[in-house]
Every structure is written in C-alpha cells, then in structure tokens.
Amino acid sequence: MTRQTFTERLIGLIRRIPAGKVATYGQIAAMAGNPRAARQVARVLHACSQKEDLPWHRVVNREGRIALETSAGGAEQKRLLESEGVEFDLAGVIDLDVFLWRPDLLR
DNA sequence: GCCATGGCTAGTA
DNA sequence: GCCATGGCTAGTA
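So this is what it looks like as structure tokens:
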C-alpha cells in the first residue's frame, strides 16, 4: 500500500463531492483526518483545481457562503452551482441542511 | 475583526 | 511565507 499524502487525500475527497451538493473546507479537512487543516483545502483548490480537474466550485465556507470574491471567481462558482441545482437565498447563502454532502448517510 | 492553524512550495544559498 | 478557514472575543448600541 503506498501511503497517500494528506494533500492526495484532500484531492480524492474533493473529487467525490457529487453534483448538486456542496462540502465545507473544514468538513473535507476533517474527513481527510485533520479537522484543523481547513486552510489546506483552500490551498489545494487554489493550487491544483486546474491541473487535477477538481469540482472546485462545490466547496463553500461553513456558513454556506461562497468564499471567493465575486470578481475573483465567485460569480462563476455561483453559476456552476446553480446549474447543478444548488439554491441560494437572497443573502447568497446555501441551506446546508439541504445541500451539504453527507457521504455517511447517502451512500 | 483578529489571529492560530498546518501542509506545502517557491526561491535562495 | 502562502491561503478560497474557522472560532472566539472585544466593544458598541
């Protein structure tokens, strides 16, 4: 068994987020084994989304908000999520009770 | 709104 | 040092 690096685990998890659902930075970090490593998720998305072809748009912050500035990709992210059926309220917040990915419950 | 957190890399020596 | 976080509090109303 070759040992996966933490970053490789993050990438594998991000890949598993299904269309129409979102995950949070902290959630992915926790699933990869380190609940405090939320920023690594941000780092990976920033650095590897293109190269690894990740569904980068399916990761939002803990409040269900898009973390990116609107002008820095946030608008694109919202458009992609809406095209998958994810809904935003008037304040731009996603209802995580409805749209959060729960791999343990939905398998 | 501040700042601790942590895995990783660019860039220097 | 960087980073697309998250948790916690001081300080106002």
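Taking the numbering used here, I'd label the letters of the first sequence as residues 7 to 113. Ideal Cβ placement from N, Cα and C applies to all residues, glycine included.
For residue i, which residues in the same chain have their Cβ closer than 7 Å to its Cβ, ignoring the five residues on either side in sequence?
i     : result
ALA44 : TYR31, GLY32 and ALA35
HIS89 : Strictly speaking, residue 89 in this sequence is Ser, with His absent from that position. Result list for SER89: empty, nothing under 7 Å.
ARG71 : GLY98 and VAL99
ARG9  : none
Which of the three DSSP states is assigned to residue i in this structure?
i      : result
LEU102 : helix
ALA81  : helix
GLU88  : helix
ALA35  : helix
How far does the alpha helix (DSSP H) with residue i in it extend, from its first residue to its last?
i     : result
HIS52 : 44-58
THR13 : 12-22
Determine which residues share a DSSP beta bridge with residue i and list them.
i     : result
VAL66 : THR30
Suppose the cutoff is 6 Å on Cβ atoms and the five residues either side in sequence are ignored; what does the same chain contact list for residue i look like?
i     : result
MET37 : LEU19
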